[in-house]
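For reference, the structure is listed below as structure tokens.
In the working numbering, the protein residues as written are 2 to 435.
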């Protein structure tokens with residue numbers, strides 16, 4: 002049997018309980034296993050991403066990402082006037098072109114969300130709790146430890162300027178304290194995540210961020226002059242979440258009401274699906290155009306900053322995914338949850354670092370390096386999650402069988418220990434014989 006008797010039964014499979022007291026087959030677990038496997042098979046078909054074959058573009062997505070990074074960096078370094086022109090579309094330290102590209106990336110997923118299904122999320126809050134705990138109780142503190150280790154021990158001879166090292170440490174902490182918002186919809190789309198569940202995770206993390214971001218940064222940096230630009234964060238949440246969500250919900254409502262769900266999937270979702278990857282590549286070019294000068298002027302510092310950031314990503318992802326794996330969280334929820342816990346709200350982090358330390362500061366550069374590192378690393382983690390999906394599905398099947406067995410044995414035990422249990426069993430047995 003594939004079930005692991007040591008698995009923690011935290012899932013809540015919808016399995017009808019067996020009728021206590023009625024005649025049972027000798028091996029009464031066979032029907033349960035078959036039923037669980039059947040139900041999970043249906044869920045697997047529903048959760049699986051629509052990818053009948055891997056197209057040429059998707060197969061070499063990492064190559065296109067690298068090319069976009071190179072092209073953007075070269076433009077930013079040799080033609081800085083391009084960045085100056087694009088920077089004019091900026092308000093409250095948020096670039097309008099960046100916002101538009103984010104809309105393009107997340108629209109195909111948002112328009113598929115059936116908002117009536119959000120109510121069901123409260124029945125399975127495990128992934129939301131896990132993500133929030135890692136975002137605010139683990140990530141900022143592990144980054145603080147890594148930043149102190151590298152910039153106060155390993156890098157002292159390479160970067161002798163203590164003030165610059167302190168600025169880098171502050172930037173890394175600012176970056177780690179801001180959990181991802183809009184970009185996570187892209188990662189969720191690429192792994193066939195549950196859109197409604199991902200939305201609730203993002204909203205819940207945004208609410209926590211309003212109250213916990215500044216106190217955490219002040220605690221770890223030890224500088225009371227770190228102030229969150231409220232105009233920036235409010236505008237960021239509105240631009241990157243509220244507005245595209247309202248537009249997508251409106252379009253979905255109109256199309257489904259007038260033409261039906263099939264029309265929405267065939268005529269709206271399918272044609273718009275490539276926009277996610279196209280928007281991602283355009284975003285990369287744009288980011289590297291903005292930061293081309295910085296990358297060219299301080300290449301060694303970029304590499305040094307990238308090391309603790311990559312380690313931080315691996316550690317937080319590993320903690321989240323391993324815990325979710327051994328508690329049998331399904332792929333459609335665990336994948337996005339792990340990436341929300343791993344990635345960062347880089348637009349906000351860059352804005353906060355610039356506001357507190359200045360545009361040419363080490364803190365600002367540290368947050369920018371986070372942007373440069375995040376996309377290729379996240380794509381690698383998406384591939385990992387997709388490769389782990391069959392194994393995770395099998396584990397969830399075994400966990401659900403164990404939970405069903407435990408629940409049925411518990412009900413049987415309660416029935417036998419109850420004063421009315423033997424009487425009820427005799428009555429049911431007599432009815433069965435009749």
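Using N, Cα and C, we set each Cβ at its ideal position, and we do this for glycine too.
query	result
C-beta contact flag for residue 221 and residue 309 at 8 angstroms	no
Beta-carbon proximity check, residue 102 vs residue 379, cutoff 8 angstroms	no
Buried/exposed call for residue 28, threshold 16 Cβ in 10 Å	With a pLDDT of 46 at residue 28, under the threshold of 50, the modelled position of that residue is not reliable, and the figure given next carries that caveat. By the 10 Å Cβ count, residue 28 comes out exposed.
Under 8 angstroms between C-beta atoms of residue 209 and residue 133	yes
8 angstroms Cβ cutoff, residue 209 in contact with chain C	As a matter of chain content, chain C is missing from the structure shown, which is built from one protein chain.
Meets three-Cβ-pair contact criterion under 8 angstroms: the stretch 339-359 and the stretch 367-385	yes
At least 3 beta-carbon pairs within less than 8 angstroms: the stretch 284-296 vs the stretch 68-87	yes
Cβ-Cβ separation, residue 187 to residue 129 (assumed contact under 8 angstroms), whole Å	That pair is no contact at about 19 angstroms.
Per DSSP, the bridge partner or partners of residue 298	Residue 298 pairs with nothing; no bridge assigned.
Reference residue 98; option with closest CA among 206, 198, 240	240
Spatially closest choice to residue 400 from 331, 359, 96, 358, by CA coordinates	331
Straight-line gap, residue 341 to residue 158 (C-alpha atoms, nearest Å)	35 angstroms
Beta-carbon contacts of residue 256 that lie in its chain and below 7 angstroms, excluding the five residues immediately before and after	264, 265, 269
Residue ranges of each alpha helix (DSSP H) within the stretch 244-276, 4 or longer	244-260
Element boundaries [alpha helix (DSSP H), containing residue 207]	196-222
Cutoff 6 angstroms; reference residue 339; Cβ partners in own chain excluding five residues on either side	318, 321, 322
Neighbourhood of residue 374 by C-beta distance below 8 angstroms, restricted to the same chain and skipping five residues each side	307, 310, 311, 314
Test item: CB-CB of residue 170 and residue 218 under 8 angstroms	no
DSSP beta-bridge partners of residue 180	345
Outcome for residue 301 when other beta-carbon atoms lying within 10 angstroms are tallied against a minimum of 16	exposed
Reference residue 358, options 145, 164, 149, closest by Cα	164
Three-state secondary structure (DSSP) of residue 114	coil
Close Cβ partners of residue 195 (< 6 angstroms) along its chain, the five nearest in sequence each way excluded	333, 334
Short Cβ contact (8 angstroms threshold) for residue 245 with residue 108	yes
Nearest-angstrom Cα separation, counted from residue 190 out to residue 278	10 angstroms
Local conformation of residue 82 per DSSP, three classes	helix
Selection from 397, 336, 166 that minimises the alpha carbon distance to residue 382	336
Pair within 8 angstroms by beta-carbon distance, residue 156 and residue 305	yes
Residue 105 in three-state terms, based on DSSP	helix
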